[in-house]
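Chains as they are written, first to last, in the numbering used here: chain A, 1 to 164; chain B, 1001 to 1164.
Where is the CB? At the ideal position from N, CA and C, for every residue including glycine.
The structure displayed is predicted, hence computed values, not measured ones.
There are 2 protein chains.
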Amino acid sequence: MEYDEAKHKFIQAWGTLGSSWGINKAMAQIHALLLISKQPLSTEDVMEELQISRGNANMNIRALIDWGIVQKELIVGERKEHFVAIKDVWELARQVSKERRKREIEPIVRVLNEVQAVTGDTDSVREFKKMTGELKDFSLKVDGALDKFTRSDKNWFFKMLLKL
Amino acid sequence: MEYDEAKHKFIQAWGTLGSSWGINKAMAQIHALLLISKQPLSTEDVMEELQISRGNANMNIRALIDWGIVQKELIVGERKEHFVAIKDVWELARQVSKERRKREIEPIVRVLNEVQAVTGDTDSVREFKKMTGELKDFSLKVDGALDKFTRSDKNWFFKMLLKL
DNA sequence: CTATACTTTCAATAATTATTGAAAGTATAG
DNA sequence: CTATACTTTCAATAATTATTGAAAGTATAG
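Here it is in structure tokens:
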């Protein structure tokens, strides 16, 4: 397989994967592109490679930086900003789970806590409290496990994954 | 807090959570509704509660059944189909991770394998092979861990989560 | 300070995805 | 077999989300 074909296939697939996990396609594709790039890329490089507009490239690069999985890298003698992706797969997973924990698990736990304050003593209310309570307990357990994971050491984690 | 308010809040939050994980809102909301319902609900019940159309209700109930997290339940003397959600949170998580594994991890691993067949011996190609190789290894490890999880026993899993 | 290279914002628009609801399909009662 | 209760499909449409690109903003060179 030619390099260009392989690259294209990979970027495409990464974009699709992103989409089905609620990450927009351009963002996932920029990430894919940076992952396999040896040198830092500028916004223009990204625009050209993926055939997207300046605004789109800029916004999604910012989003990737927000997620902590892409960083700016200065190139001496160049005024344009350049970007690199975190290449360490473990570090990437750590960062992603850290962010999702913050963005998605925390809010749902907050709501589950709030709605526990429901009043009344009907069957419906009892069922509701039971279910939301169990969901909350479970979410907290998962949250705790992910927290430990994001703080953990790389080797420990890989040994864990294998042992599992 | 009144039951209706709590219920509404929960359904709303579950829908939002679903959206940010790539599950459509109606589907997540129907799931939320069934989770907290003591009795099996018919398509009409769902339509009424969530104020959605018949087609929408029907399609998303089917999708939930496809995911293995909602089941039909016959009510004697009733011709309409009724539905219940799996109430066991652990079982729910198991089923969801099983499906996502099949639907998302397997395809990306397949692509990562394919693109490994890239030819050439430039820096770009070497970097590409390295990165996609590492992503594949990682994905396979996660896949393996999830597989073990989906086959595992409930108590083992909770002990695991806590130990983690 | 000024010119200019570069980045960001954002209203308009395009693309995608979800939803509707009526028509077609299916299955059960009698 | 027929009437009817119920389910499914799907083209049209609505709603949402992503993208564009030009204008405004910012920062650096000189």
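Starting from the Cα of residue i, find the closest Cα among the options and give me that residue.
| i | options | result |
| --- | --- | --- |
| A/Thr16 | B/Ile1052, B/Glu1104, B/Glu1078 | B/Glu1104 |
| B/Val1109 | B/Val1089, B/Ser1019, B/Asp1143 | B/Asp1143 |
| A/Phe83 | A/Ala32, A/Lys102, A/Val115, A/Leu135 | A/Ala32 |
| A/Lys98 | A/Pro107, A/Lys87, A/Trp67 | A/Trp67 |
| A/Lys25 | A/Glu5, A/Met59, A/Glu2 | A/Met59 |
| A/Pro107 | B/Phe1158, B/Met1001, B/Ser1020, B/Thr1132 | B/Ser1020 |
| A/Leu135 | B/Gly1055, B/Lys1154, B/Ile1036 | B/Ile1036 |
| B/Lys1159 | A/Phe149, A/Phe158, A/Ala145 | A/Ala145 |
| B/Trp1014 | A/Trp90, A/Val115, A/Phe149 | A/Val115 |
| B/Val1096 | B/Thr1150, B/Glu1044, B/Ser1053, B/Arg1054 | B/Thr1150 |
| A/Val89 | A/Ser53, A/Lys154, A/Glu5, A/Pro40 | A/Lys154 |
Along chain A, in chain order, which residues have C-beta atoms closer than 8 angstroms to that of residue i?
| i | result |
| --- | --- |
| B/Asp1123 | Lys38 |
| B/Ser1019 | Gly22 |
| B/Phe1083 | Within chain A, no residue comes near B/Phe1083; the closest Cβ sits about 16 angstroms away, beyond 8 angstroms. |
Do residue i and residue j have their C-beta atoms within less than 8 angstroms of each other?
| i | j | result |
| --- | --- | --- |
| B/Ser1124 | A/Lys163 | no |
| B/Val1046 | B/Ile1069 | no |
| B/Lys1072 | B/Ser1042 | no |
| B/Lys1141 | A/Leu92 | no |
| B/Phe1128 | A/Lys7 | yes |
| A/Leu112 | A/Ser139 | yes |
| A/Ala63 | A/Met27 | yes |
| A/Ala85 | A/Leu34 | yes |
| A/Asp137 | A/Arg101 | no |
| B/Gly1022 | A/Gly22 | yes |
List, in order along the chain, the chain B residues whose C-beta lies closer than 8 angstroms to that of residue i?
| i | result |
| --- | --- |
| A/Leu161 | Lys1141, Val1142, Gly1144, Ala1145 |
| A/Ala63 | Result: empty, since nearest Cβ-Cβ is about 14 angstroms, beyond 8 angstroms. |
| A/Phe165 | Past the edges of chain A, shown from 1 to 164, lies residue 165 of chain A, and the structure says nothing about it. |
Let me know if residue i comes out buried or exposed under the rule of 16 or more other beta-carbons within 10 Å of its beta-carbon.
| i | result |
| --- | --- |
| A/Arg126 | exposed |
| B/Ile1075 | exposed |
| B/Arg1094 | buried |
| B/Ala1117 | exposed |
| A/Thr119 | exposed |
| B/Gly1077 | exposed |
| A/Lys130 | exposed |
| A/Gly18 | buried |
| B/Gln1029 | buried |
| A/Trp156 | exposed |
| A/Thr122 | exposed |
| A/Ile65 | exposed |
For residue i, go through chain A and note every residue whose CB falls closer than 9 angstroms to its CB, in chain order.
| i | result |
| --- | --- |
| B/Trp1156 | Correct list: empty, because the minimum Cβ distance to chain A is about 11 angstroms. |
| B/Thr1132 | Ala6, Phe10, Leu35, Ile36 |
Using a cut-off of 7 angstroms between C-beta atoms, extract the partners of residue i located in chain A.
| i | result |
| --- | --- |
| B/Lys1080 | Under the 7 angstroms cutoff, chain A gives no residues; its nearest Cβ is about 21 angstroms from B/Lys1080. |
| B/Glu1049 | Result: empty, since nearest Cβ-Cβ is about 12 angstroms, beyond 7 angstroms. |
| B/Leu1135 | Val89 |
| B/Glu1127 | Ile36, Lys38 |
Using a cut-off of 7 angstroms between C-beta atoms, extract the partners of residue i located in chain B.
| i | result |
| --- | --- |
| A/Ala13 | Ile1108, Val1111 |
| A/Glu73 | By Cβ distance, chain B contributes nothing, its closest Cβ being about 16 angstroms from A/Glu73, past 7 angstroms. |
Q. Got a sec: which bits of the segment 1096-1121 of chain B sit with their beta carbon under 8 angstroms from any beta carbon on chain A, in order along the chain?
A. Arg1103, Glu1104, Pro1107, Ile1108, Val1111, Leu1112, Glu1114, Val1115, Ala1117, Val1118, Thr1119, Gly1120
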